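These notes are about the structure you will find just below.
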Amino acid sequence: MDGYSHAKFPHWMKQYGECDTCEVVLSRDGQGVTQDSLCRAIARHLVSPYDDKTLGSASKVDIDHTVPLANAWRSGADTWTIDKRKKFANDLDISQLTAISASSNRSKGATPASPPGRLRLRRRRPGDSRLRALRGHHRHPQGGCTHERPPRAAQAPRVPASTPVTDTTTGLLLGAPSVTLAGIRIRKRAPTAAEALR
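So the number in the working numbering is just where the residue sits in the sequence shown, counting from 1, plus 135.
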């Protein structure tokens with residue numbers, strides 16, 4: 136990736152007193168963590184949310200950037216000032232920095248966080264099924280090309296706009312002009328008796 140370096144995101148800055156970002160996250164996410172006068176964590180007990188490991192040793196704990204620094208760089212952080220990148224790398228928002236096991240952080244690398252049991256949701260877009268069908272056809276052609284059009288799905292008959300009909304359950308004018316917002320078709324409502332008299 137052009138120009139990216141972990142060093143371009145200065146981190147573990149002082150947050151308050153002698154406490155740096157790393158120590159603050161450890162004390163926030165750990166259980167029974169005590170700190171000395173220099174804010175160093177002395178005793179740790181932490182359950183890593185990515186792999187459910189119980190950690191008691193400092194060498195086994197990492198602080199993970201939930202949004203990886205490399206991902207931020209690809210998404211526009213390359214245009215940020217050093218100060219803005221420093222603030223991002225030290226953001227104490229609970230969803231950005233998390234204390235986890237070093238092994239899960241190494242396996243995660245520069246990919247976004249994916250705790251156990253995570254579901255990956257994908258928004259369906261028009262044409263997805265047709266595109267999948269075409270890809271499947273090209274991988275497994277069955278006897279050459281055919282120029283026949285597949286049958287179209289049956290459509291409900293259209294009511295002419297000149298004869299508006301009111302749906303008694305929804306109060307919507309069927310056949311009336313409609314608007315599509317975010318993929319949802321919205322029809323105009325039938326006027327109430329008071330509105331019709333105006």
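Note that beta-carbon positions come from the ideal geometry of N, C-alpha and C, so glycine has one too. Since the model is a prediction, treat every value here as computed from it, not as a measurement.
Residue nearest to residue i in terms of C-alpha spacing, selected from the options
i	options	result
Ser236	Gly244, Lys188, Thr216	Lys188
Leu232	Ser140, Gln166, Val160, Tyr139	Val160
Pro203	Met148, Glu158, Ser192, Arg241	Arg241
Ile198	Ala212, Trp208, Gly138, Asp226	Asp226
Asp137	Phe223, Asp228, Ala212	Ala212
Ser192	Tyr185, Ile177, Thr201	Ile177
Ser194	Tyr139, Ser238, Asp228, Ser162	Ser238
Residue environment, residue i, which counts as buried when at least 16 other CB atoms sit within 10 Å
i	result
His180	exposed
Asp164	buried
Ala142	exposed
Lys336	Beyond the ends of the chain as shown, which are 136 and 333, falls residue 336; an answer cannot be given.
Ser183	buried
Ser230	exposed
Reduced DSSP secondary structure (H/G/I, E/B, other) of residue i
i	result
Cys335	The structure shown does not extend to residue 335, since the chain spans only 136 to 333, so no value can be given for it.
Asp218	helix
Val196	strand
Lys149	strand
Assumed close pair residue i, residue j - CB separation to whole angstroms, cut-off 8 Å
i	j	result
Phe144	Arg220	5 Å
Val196	Ala234	6 Å
Handout entry: Meets three-Cβ-pair contact criterion under 8 Å: the stretch 143 to 158 and the stretch 171 to 178
Key = yes
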